[in-house]
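In the working numbering, the protein residues as written are 1 to 131. Single-structure report; data block below.
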Amino acid sequence: MTDWNQVEATVSIGGSECKFTTIYLKQVFNGHHVFDIGVLCPTLPGENVWYNERESMIAMQGQSVVIRMKHVISGDESIFKGIITEIGMDGERGVSGTIHYRGCSPTVLLESGKTMDSFMDLPCRPLSERW
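Below you can see the structure in the form of structure tokens.
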């Protein structure tokens, strides 16, 4: 029996293709689309992955992500673009595990700027007297 829903997915992070173990992508109306990409860590016998890979993992924050999903039967392709906003890890005994690159659509960049920071440098008293 033919699987009419079969999709081939590829992931690029910072312009480089990435081998992944899991992808979670949630697209919603009136909110940011979110993703979680699981990447298997290399096994480092007797050593903690965070100790060796911490700086390179943290440097991934802010990198662009492209998830391409191609329908095997029809050839139709959907492309999702996002930004890594969080890096996490799960595993067993710290010697191997999965790095999770999480983030959302680029619309998250619209949430910052001068209009959002207008009361940042004011003490509470002048702010409360305004209202």
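Glycine residues also receive a C-beta, built at the ideal position from the N, C-alpha and C atoms. Being a predicted model, the structure only gives us computed values, none of them experimental.
- prompt: Where Y101 and R125 are concerned, what is the direct C-alpha to C-alpha distance, given to the nearest angstrom?
  reply: 41 Å
query: How big is the Cα-Cα spacing for V108 and I83?
result: 8 Å
- prompt: Ordered along the chain, which non-local residues of its own chain (more than five positions away) have a Cβ less than 8 Å from that of G91?
  reply: C41, V49, G97, T98
message: Rounded to whole angstroms, what is the Cα-Cα separation between A59 and K26?
response: 24 Å
- prompt: Can you give, in chain order, each stretch of the beta strand (DSSP E) that sits fully within the stretch 61-115 and has at least 3 residues?
  reply: 64-71, 77-92, 96-104
query: Quick one: Cα of R68 to Cα of P123, how far?
result: C-alpha separation (whole angstroms): 47 Å.
field: Where the beta strand (DSSP E) through G14 begins and ends
entry: Premise fails: G14 is in no beta strand (DSSP E) and is neither H nor E.
query: When you compare only the Cα positions, how much space is there between I73 and F80?
result: 20 Å
message: For T22, report the span of its beta strand (DSSP E) as first-last.
response: 22-26
- request: Can you grab the Cα-Cα spacing for the pair G14 / Q61, in whole Å?
  value: Their backbone Cα atoms lie some 10 Å apart in a straight line.
Backbone CA spacing between G103 and D3 [nearest angstrom]: Going from the Cα of G103 to the Cα of D3 covers about 30 Å.
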